[in-house]
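First the structure, in the form of structure tokens, and then the observations on it.
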Amino acid sequence: MVDAETRLAQVLTRYPDLTIAVSGGVDSLTLATFAGRIAPVTVAHAVSPAVPAEATQRVRDLAQSEGWTLRVLNAGEFNDPAYLSNPLNRCYFCKTNLYARISEVVTGTIAAGTNTDDLGEYRPGLQAASQHGVIHPYVEADVSKADLRALAARLGLGEIAALPAQPCLASRVETGIPIRAEDLAFIHRVEQAVRQMSGLEDVRCRLTGTGVRLETSGALPEASVARVAELCRTAGRAFVGVAPYRRGSAFVAQGSQ
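Numbered per the working numbering, the sequence shown spans residues 2 to 258.
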């Protein structure tokens, strides 16, 4: 039986002129690292208020150490009213802007880090990928999230191999609430504070119609809860409490799915 690494290598060799869309998470960084050690690759990374600065720095650092050709660009989704209105398929408009922008600055094939586990979730961005001819090497090679994390470890990516899932900051805003850069900055500030104080990785600051709800994967120390309440109070936002972390590809109003 052919292993995941061999299957992935076989897929990648079919695309000699490859640009990989890299968000700064484990999926796309692992794909870029693996592909780049087979043949030279171009990596495209979009900066925006929805992308944490540490994700961009992670991409820059790995690009330098791996010798990638790096294109850092502004995909322009914050100029798109359809994206800013935050419909249920917001990711479609985000990815449409991203892939259109990448297509303007590179040649060849664009690849994304979608893996087989993603196919069981609601992913409107996959429609945009299809419309722009974006390929999914992990899917073609039947590579799962567990497979790619194991690959990241074998590639020597260290802490990157253990990075928790980190969808863009806009995913924390309840469907229908407009996306605003200042709200995303607040979300990031809260999540960073909670991670630093609690040591928990799976932390989500959700903006809902009733106020700010914090979701965590473990028990939260009282000091962390108090810090979130303080941040909300300072920002003039209502804090509605803490709930268990709920993973999902789209954050929608409670009861709407």
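By construction, the Cβ of each residue, glycine as well, lies at the ideal position given by its N, Cα and C atoms.
Straight-line gap, E231 to R8 (C-alpha atoms, nearest Å): 50 Å
Given 8 Å, three or more beta-carbon pairs between the stretch 85-94 and the stretch 60-76: no
In whole angstroms, give me the CA-to-CA distance for L30 and A112. 12 Å
Per DSSP, which residues does L215 bridge with? Please list them. C206 and V243
Which whole-angstrom value is the C-beta distance of H137 and S104, which I expect to be below 8 Å? With a Cβ gap of about 17 Å, H137 and S104 do not count as contacting.
To the nearest angstrom, how far is the alpha carbon of R102 from that of A224? 43 Å
Contact defined as beta carbons within less than 8 Å: I believe E175 pairs with G210. What is the distance between those atoms, to the nearest angstrom? 6 Å
Between G242 and the rest of its own chain, which residues show a CB-CB distance below 7 Å, the 5 nearest in sequence each way excluded? R214
Starting from the N-terminal side, write out each stretch of the alpha helix (DSSP H) that is 4 residues or longer and does not extend beyond the stretch 21-103. 27-37, 54-67 and 82-85
Any heavy atom of the ligand GDP closer than 7 Å to the beta-carbon of H46? Absence of the ligand GDP from the depicted structure is noted, as is the absence of any ligand whatsoever, leaving it without description.
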